[in-house]
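In what follows, a single structure is set out as structure tokens and then discussed.
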Amino acid sequence: MLRLFDFLRPHKKLLVQLIIINVLLSAMLTAAPLIIKRIVDQVIDAKQYNLLMPYLGVLLLITAVRATTTYFYSYGQNKLGQLVMTGVRTALYRKLLALPYSFYDKEQTGRLMSRVSSDVESTRIFLSQILIESMSHVLTIVLASLAFLQQDPYLALIAVVPILISGAAMYYAHHELTEPWTSQHERMAQMSATLQDNLAGIKVVKAFAQEEQAQGRFQEVQRDVRSGSLSITDLWSKRWALIGSVPRFMQLALIFVGGYRVMNGEISLGTLVAILSLSLLLLGAVNALGTQLNSVSQTATAAVRIFELLDEPMTIQSPLPSSDPVAVEYKRIPRGVDEWRGEIVYNNVSFIYPTAKARTLIDIDLRIPTGSSLAVVGATGSGKSTLIHLIGRYYDPTSGHVQVDGRDVRSLDLTNLRSQIGMVAQDTLLFSTTIAENIAFGRPDASQAEIERVAKLAQAHDFITAMPEGYETKIGERGAGLSGGQRQRIAIARAMLLDPRILILDDSMSAVDAETERLLQAAIATVMKGRTTVLVAHRLATAQHADHIIVLRDGQIVEQGTHAELDAAGGHYHHVLEMQQMSARESLEAA
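Its first residue numbered 1, the sequence shown is counted upward by one per residue in my numbering.
Structure below.
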């Protein structure tokens, strides 16, 4: 939890200002009872009425100064909270963007959202409110205790001992609450994950009429959250009953003993009034610290979850020139677009996912020459997508290595490498913004003319301009409002705007109709020219125009050659081709 203070360092000046204001507020709080003592002893008892107005003036001044400083304190506290929250969320988001695919293979989006939202909010409240206010309460206790000692050491002992007992009880209660809060954060993360899953899959939920079942699952996790919260409340209430009662007994003891000492003439009435006023300050400070203790326990578990994410190992990142053994190679990385050629080589590459028992790719040896095209075909689960993800280093091979232009991709700067790869996935993701901004996602500074040029290459310009707002048309989440073929063509345009040397098409025509396929094939044929292209294809009509074709089965290359060679060989490729051609003929006859 101490690491949270790192997020305060950039705002030390503001923090110091708030601490100074806190010192002033605490000092003024402690001074007020001492002035009241003088009013009782000197004005009321000694009948020095001429002193009343000066003392009241001092109290009025203290009140005015407190009101002014409280304004600056409240504003500064909120400002610090927002700055800290921005810093924590920025660090988390930067980490999430940098983490590799393998991390997201095992994490639920809803759980990650919980860390970025509720956990960060807990840290904001702690660092900007609880921490500074706790310092204020502790300072109030210290100053009030010193004032107690100055007024009457005997009564000070009666006041301070219960405070120490309460402090020890708070310490142990904090440790008791840590584990329940850890479990509660996990339940809240599960609730967030359940909500995210159901909303992301709302069309499936409705298609299968599973609204009641989805509601039931959400209510179940809500019950778990509610039960956990009540359990924490029950535990805390029991501890607070003890912690909060000790200072109250202290106050009763002060009234009894202090009153006795006044009657015996050992202390003045004004001293007793001051002591009772100081005891109220002590009681208020202890109560406030106790109330905040539950939040401290909550923040401690939130901090653990935040730093678990921030400390997640970076298994894939750019090499560092100063320390990496391939630093010499790094310095030779081509920086200009014209220096990239686009040759891809797999040298004895194998790959296994961390949670899998069998290898997804086995001993792959493959060379894709500059400017040529390769089609990758095979059944679902044969390793096609994994093969292409190794090119952009979204995963690292378990053994062997992948080279681009003769360099191991692990020795290349990730940004430079990926800027030369245009990727069009099967499940095209578009953002909830305009079509123009979606196309320019990889190059936000692209001109309108450049955007329209690549849209024409991708056969997308006509349907875009047919829309009332054209390129400024805003689309829904994940491309809602566009057909599958339209989304694919926008994705192709987006990839082409990068002017990449390598183009990867991951099964981009597996679920489109014949007319859309024709348009996409025309777009692909145009954008492939002069680029190294890798196509993952279920439909062999797409694969047959490639310069070279490989057939994957269980992670191994079982056939390779041109379309004519593989068709003539009578193997797996030929068998699938015949079935697809027969299916196409039957569809035409049925039409």
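Idealized CB from N, CA, C, for every residue including glycine.
Locate the beta strand (DSSP E) running through Asp-363, then write down its first and last residues.
Here the beta strand (DSSP E) through Asp-363 covers 361–368.
Using only the alpha-carbon positions, how far apart do Leu-80 and Ser-297 sit?
21 Å
Alpha-carbon to alpha-carbon, Gln-459 and Phe-522
With the sequence shown as reference, residue 522 is identified as Ala, and Phe is not the correct amino acid for it. Near 8 Å, if we compare the C-alpha coordinates of Gln-459 and Ala-522.
Using 8 Å as the threshold, is the C-beta distance between Val-601 and Phe-5 below it?
No statement about residue 601 is possible, as the shown extent of the chain runs from 1 to 591 and does not include it.
Unbroken alpha helix (DSSP H) run spanning Ile-36, endpoints
12–38
Label Ser-483 either buried or exposed according to how many other C-beta atoms from any shown protein chain fall within 10 Å of its C-beta, with 16 as the threshold for buried.
exposed
Helix, strand or coil for Met-528 per DSSP?
Looking at Met-528 - three-state DSSP - the assignment turns out to be coil, as it is neither helix nor strand.
Residue from Asn-416, Ile-421, Ser-118 with nearest C-alpha to Leu-503:
Ile-421
Rounded to whole angstroms, how far is the Cβ of Ala-440 from the Cβ of Ala-446, which I believe are closer than 8 Å?
With a beta-carbon spacing of about 4 Å, Ala-440 and Ala-446 fall inside the 8 Å limit used to define contacts.
Would you call Asp-311 buried or exposed, if buried means 16 or more other Cβ atoms sit within 10 Å of its Cβ?
exposed
Could you pull the start and end residues of the beta strand (DSSP E) that Ser-399 belongs to?
399–404
Could you give the residue range of the alpha helix (DSSP H) that holds Ala-491?
484–497
Within 10 angstroms of the Cβ of Val-65, are there 16 or more other Cβ atoms? Answer buried if so, exposed if not.
exposed
Please look up how many angstroms separate the CB atoms of Gln-554 and Ser-385, rounded, as I've assumed it's under 8 Å.
One detail in the question is off: residue 554 reads as Asp in this sequence, not Gln. Ser-385 and Asp-554 do not touch by the CB rule: their CB atoms are close to 15 Å apart, not below 8 Å.
Hey, quick one: how far does the beta strand (DSSP E) through Ile-502 stretch, first residue to last?
502–506
Following the continuous alpha helix (DSSP H) through Gln-130, name the residue where it begins and the one where it ends.
One point to set straight first is that residue 130 is Ile, not Gln, in the sequence displayed. Counting along the chain, Ile-130 falls outside any alpha helix (DSSP H), and DSSP gives it neither H nor E.
In three-state DSSP terms, what is Met-314?
Note: Met-314 maps to coil in three-state DSSP.
Reduced DSSP category for Ile-391 - H, G, I as helix; E, B as strand; rest coil:
coil
Among Asn-264, Gly-561, Met-28, Ile-316, the one whose alpha carbon lies nearest that of Ile-368
Gly-561
So which of Ser-350, Pro-313, Leu-540 has the shortest CA-CA distance to Phe-103?
Closest option to Phe-103, Cα to Cα, is Pro-313.
Figure out for me which residue from Ala-495, Asp-396, Ala-541 has the closest Cα to the Cα of Tyr-101.
Ranking the options by Cα distance to Tyr-101, first place goes to Asp-396.
Are the beta-carbon atoms of Leu-281 and Leu-29 separated by less than 8 Å?
yes
Can you tell me where the beta strand (DSSP E) with Met-423 in it begins and where it stops?
421–424
Close beta carbons around Arg-494, own chain, < 6 Å, minus the five adjacent residues each side:
The beta carbon of Arg-494 sits closer than 6 Å to the beta carbons of Ile-439, Phe-441 from its chain, once the five residues preceding and following it are set aside; these are given in chain order.
Sub-8 Å separation of Val-376 and Ile-524 beta-carbons:
no
Taking Cβ to Cβ, would you say Ala-156 is nearer than 8 Å to Ser-166?
Ala-156 places its beta carbon 8 Å or farther from that of Ser-166.
Any chance you could list the beta strand (DSSP E) runs of at least 3 consecutive residues sitting entirely within the segment 425–482, in chain order?
none
Please classify Asp-105 as buried or exposed, where buried requires at least 16 neighbouring CB atoms within 10 angstroms.
exposed
What did DSSP end up calling Ala-592 once you bin it into helix, strand or coil?
Since the first and last residues shown for the chain are 1 and 591, residue 592 lies out of range.
Write down the C-beta distance between Ser-419 and Leu-505 rounded to the nearest angstrom, noting that I regard them as a contact closer than 8 Å.
Rounded, the Cβ-Cβ distance is 18 Å, inconsistent with contact.
Can you grab the Cα-Cα spacing for the pair Lys-529 / Arg-453, in whole Å?
Across the structure, Lys-529 and Arg-453 are spaced so that their CA atoms are roughly 15 Å apart.
Ser-373 - partner residues in DSSP beta bridges
Thr-533
Quick one: residues in its chain with C-beta nearer than 7 Å to the C-beta of Ile-62, no 5 flanking neighbours on either side, listed in chain order?
Met-28, Ala-31, Ala-32
Classification of Phe-126 by the beta-carbon crowding that lies within 10 angstroms, buried from 16 upward:
Classification for Phe-126: buried.
Where do the N-terminal and C-terminal ends of the beta strand (DSSP E) with Ser-350 fall, by residue?
344–351
Would you grab the beta carbon distance between Thr-592 and Ser-350 for me? Rounded to a whole angstrom, and I think it's under 8 Å.
Nothing in the structure corresponds to residue 592, since the chain is present only between 1 and 591.
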